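To start, the structure itself, in structure tokens.
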Amino acid sequence: MSIVITGNPGVGKHTITAEIVKSLELDIIDINKIAKDSGLLEKDENTNDVDTEKLGKILEKKISEKNLVVGHLAPYILDKNQVKIIIILRRNPYELISVYNDRKYSDRKSRENIGSEVLGVIAHDSMNKFQEKAFQVNVSEKNIQQVTKQILDTISNNEGNDDVDWLDLVTKNNDLKKFFVD
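Structure below.
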């Protein structure tokens, strides 16, 4: 069983993964890299579509307890029995705006990803599928060392779920149209 880091694009998955493997001496399995190297990414306007069934079969052969699996597709391709613990990184949607601008995402792609974070799609799907193995970590306004420590503590103690509700924040700020209307 593997340790898994997931979350929407721009929340810091790869940055945090690089720090965690220094402490835990695990090999990184990057889901996106495997999908790309296996020819499973199909460009479609602003998105990359992936055959999750084929990708899941490829990953099944690679996963061991000495791995840290990283990628936003984790909840859609991994089975509960392959996962020791899954950490879902969450980031304030207002912070994601500048991340996506820096990455030169189109307005549509930015809105889709921010909307997913606001609604907690990956978090919901991960927590629903992996239940007691799933933990949310709010990375907003924290540095890499703080997030890494929190995740390492969560892995060690199997506890430490952050309560994250961006929908409430966005609603209070009267910004639903900002993220959900073309």
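The sequence shown lines up with residues 107 to 288 when you count with the numbering used here.
Even for Gly, the Cβ is constructed at its ideal location relative to N, Cα and C.
The structure presented is a predicted model; accordingly, all values stated were derived computationally and were not measured.
For His-230, the closest of Arg-209, Leu-273, Asn-207 by C-alpha to C-alpha distance is Leu-273. In this structure, Thr-123 keeps its C-beta atom at 8 Å or more from the C-beta atom of Ile-228. Take Val-189, set aside five residues on each side of it, and the residues of its chain with a beta-carbon closer than 7 Å to its own are Met-107, Ser-108, Val-110, Phe-236, Lys-239, in chain order. Gly-221: member of the alpha helix (DSSP H) spanning 213-225, first to last residue.
By the C-beta density criterion, Thr-254 is buried, having at least 16 other C-beta atoms within 10 angstroms.
Assigned with DSSP and collapsed to three states, Val-176 falls in strand.
Exclusion of the five residues before and after Ile-220 leaves Pro-199, Leu-202, Phe-285 as the residues of its chain whose Cβ lies within less than 6 Å of its Cβ. Pairwise C-beta distances place the stretch 164-173 out of contact with the stretch 211-219, as fewer than three of them are shorter than 8 Å. Inclusion of Glu-223 and Asn-114 in the CB contact set at 8 Å is warranted, their separation being smaller than that value. Ile-261 is the residue among Ile-261, Val-205, Gly-177 whose C-alpha sits nearest the C-alpha of Ile-126. The three-state secondary structure of Lys-278, taken from DSSP, is helix.
In this structure, Tyr-206 keeps its C-beta atom at 8 Å or more from the C-beta atom of Gly-118. Looking at the DSSP output, Thr-112 bridges to Ile-194. Note that the C-beta distance between Ser-232 and Ile-192 is below 8 Å. Take the alpha-carbon of Ala-141 and the one of Ser-246: they are about 28 Å apart.
When only Cα atoms are considered, Asp-259 and Leu-146 end up about 35 Å apart.
Going by C-alpha positions, Lys-283 is about 42 Å away from Leu-130.
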